[in-house]
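Participant:
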Amino acid sequence: MGKWTKWIWGAIAAAPLAVPVAAHAQSQIDLTVLDRDMVGARAQVLVLGTVHLREMPKSFKPAALDGVLDRLAGFRPEIITIEDEPGEDCDLALRQPAKYGTDFCTAPAEAREATGLEIPAALDEVRKTLKAWPAQPTPPAPAQRRRLAALFLAANEPVSAYVQWLRLPEAERHAGDSLSAALVEQLERLGKRNNESIQIAARLASRLGLEQVHAVDNHTGDKIDVPDIKPFLKALEAAWASGAAALDAMNKREEPLKAAPDLLPLYRSVNDPQSLRVLAEGNIVPAMRSPSPEGYPRMFVGGWEVRNLRMVANIRETFRERPAARVLSIVGASHKPWFDAWLGQLQGVDIVDAAAVLK
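Shown next, in the form of structure tokens:
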């Protein structure tokens, strides 16, 4: 073998090693330091991991959240995001049910009848209304709030509609200005729901003088496309069951906290780093280790990541034009590790320690 032949074969043999080394070197670029010389204040983002209040004991009363609300009010958020689907996504899903499913959105028929507006037109009216909204100390008239509440309902943004309802003086909470009697009943029912978007986000937004909350959930990328959903669910449940011991133990420890008249200790526990680690590992580790020949549990992980990525992007959009905003994102605790990690990689963004805020 001549020296050139040896060199060629040597280069070929070395090539497979050279590619991953180069790729690995590129992956080590630390994007989090690119803003080290930035000008201006940084955004402060607090992610509150929450239990789903619909799963609370029957003894639950919204007043049990007062301590949590007091701590969150102390953070002084200017933007609040919630784990609800935006009206725009609902419109997309309603128009393409075969692709996106029918599980997470209902057409706002009563609000459409009251306002004469489909979701896209209602969203446009909401944006125009808020841009022209009277600034303090000139408060908007009650009629303007009733109209805006109706528009939010037609836009399939019911939690923001409820914020407007709460901001009305009690004597002004009645039908009129596009807010029909049916919509008033809808808002009154909303206020009685055991739902963190209502009992934490809407109440807090009203208390702080905010006009809306921002729905950021997204299910457009997590509908698993498999021939038969039953084997998929069976494989996923089997995977989770194989790694449920730590999660079960944590849930058992938190049961008494859920029944307490003050839920602040529960929220401290839920947002504790060790509790979040148990949630993250219980959700993902067994799925990635599953021997499912079809890879069903790993498909779930892919959908989970798509959902979280799109939610994080939606959160980022809420303060794109307000780069120094104080943002509170209220989301099911299982999402919080992903939110903290990915939001924390964004330029000019600091993640606020939820445990410190809840002290």
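In terms of mature numbering (1 follows the signal peptide of the UniProt record, and there is no 0), the sequence shown is residues -25 to -1, 1 to 334. Just so you know, even glycine gets a beta-carbon here, dropped at the ideal spot from N, CA and C. Only a predicted model underlies this, so the values are computations on that prediction, with no experimental measurement involved.
Let me make sure I understand the geometry here. Which of Ser155, Ala150, Tyr137, Thr90 has the alpha-carbon closest to that of Leu126?
Facilitator: Thr90
Participant: Residues bridged to Thr56 by DSSP?
Facilitator: His189, Ser304
Participant: Taking the beta strand (DSSP E) that Asp325 belongs to, which residues open and close that run?
Facilitator: 324 to 327
Participant: Gly196: which of Arg295, Trp279, Lys106, Leu105 sits nearest, CA to CA?
Facilitator: Trp279
Participant: Give the DSSP-derived three-state secondary structure of Val20 in the structure shown.
Facilitator: strand
Participant: Short of 7 Å in beta carbon distance, which residues of its chain neighbour Pro95, apart from the five on each side in sequence? Order them along the chain.
Facilitator: Asp66
Participant: What separation, rounded to the nearest whole angstrom, lies between the Cα atoms of Asp45 and Lys227?
Facilitator: 27 Å
Participant: Return the residue from the list Leu251, Lys334, Gly277, Ile259 that minimises the CA-CA distance to Ala308.
Facilitator: Leu251
Participant: Please classify Thr104: does DSSP put it in a helix, a strand, or coil?
Facilitator: DSSP places Thr104 in helix when its eight states are reduced to three.
Participant: Which runs of the alpha helix (DSSP H) spanning at least 4 residues fall entirely within the region 192 to 265, listed in chain order?
Facilitator: 204 to 217, 220 to 233, 239 to 245, 248 to 263
Participant: Which complete alpha helix (DSSP H) runs does the region 61 to 100 hold, if anything under 4 residues is left out?
Facilitator: 62 to 70, 72 to 75, 84 to 90
Participant: Pro52 and Leu21: beta carbons closer than 8 Å?
Facilitator: yes
Participant: Please confirm whether Trp233 and Leu241 have their CB atoms less than 8 Å apart.
Facilitator: It is Lys, not Trp, that sits at residue 233 in the sequence shown. In this structure, Leu241 lies closer than 8 Å to Lys233 by Cβ.
Participant: Mind pulling the alpha helix (DSSP H) runs of 4 or more residues that sit fully within the region 114 to 138?
Facilitator: 117 to 129
Participant: Buried or exposed for Met274, please, with buried defined as at least 16 other CB atoms from any protein chain shown within 10 angstroms of its CB.
Facilitator: buried
Participant: Out of Lys167, Leu318, Gln174, Tyr137, point me to the one whose CA is closest to Ala18's CA.
Facilitator: Of the listed residues, the one whose Cα sits closest to Ala18 is Leu318.
Participant: Taking a contact to mean a Cβ-Cβ separation below 8 Å, would you say Leu40 touches Gln174 in this structure?
Facilitator: yes
Participant: Go to Asn283, then tell me how far its alpha helix (DSSP H) extends in each direction, as first and last residue.
Facilitator: From DSSP, the alpha helix (DSSP H) with Asn283 extends over 271 to 293.
Participant: Buried or exposed: where does Thr7 fall if 16 or more other Cβ atoms within 10 Å of its Cβ makes it buried?
Facilitator: exposed
Participant: Please return the same chain residues whose Cβ sits closer than 7 Å to the Cβ of residue 357, not counting the five positions on each side in sequence.
Facilitator: Beyond the ends of the chain as shown, which are -25 and 334, falls residue 357; an answer cannot be given.
Participant: Cβ of Glu30 within 7 Å of any heavy atom in the ligand ZN?
Facilitator: You won't find the ligand ZN in this model; it holds no ligand whatsoever.
Participant: In this structure, how does DSSP classify Arg42 when only helix, strand and coil are distinguished?
Facilitator: Rather than Arg, the amino acid found at residue 42 in this sequence is Gly. DSSP places Gly42 in helix when its eight states are reduced to three.
Participant: Taking one C-beta from the region 313 to 328 and one from the region 290 to 301 each time, how about it: are there three or more such pairs within less than 8 Å?
Facilitator: Taking one beta carbon from each stretch, the region 313 to 328 and the region 290 to 301 have 3 or more pairs nearer than 8 Å; the two touch.
Participant: Compute the beta-carbon to beta-carbon distance between Asn246 and Ala330, rounded to the nearest angstrom, for a pair I have assumed lies under 8 Å.
Facilitator: At roughly 5 Å, the Cβ-Cβ gap stays under 8 Å, so Asn246 and Ala330 are in contact.
Participant: Between the alpha carbons of residue 337 and Ser135, how many angstroms are there, rounded?
Facilitator: In the structure as shown, the chain starts at -25 and stops at 334, and residue 337 therefore has no counterpart that could be examined.
Participant: What does the alpha-carbon distance come out to for the pair Ala210 and Pro261?
Facilitator: Going by the C-alpha atoms only, they are around 11 Å apart.
Participant: Tell me the rounded alpha-carbon separation between Ile320 and Arg264.
Facilitator: Reading off the sequence shown, one finds Gln at residue 320, where the question assumed Ile. Between Gln320 and Arg264, the C-alpha separation is close to 27 Å.
Participant: By Cβ distance, which residues of its chain are closer than 6 Å to Gly24, with the 5 residues on each side in sequence left out?
Facilitator: Val245, Asn246, Ala308, Lys311
Participant: Thinking just about the alpha-carbon of each residue, which of Val276, Glu230, Pro112, Pro248 is nearest to the one in Ala214?
Facilitator: Val276
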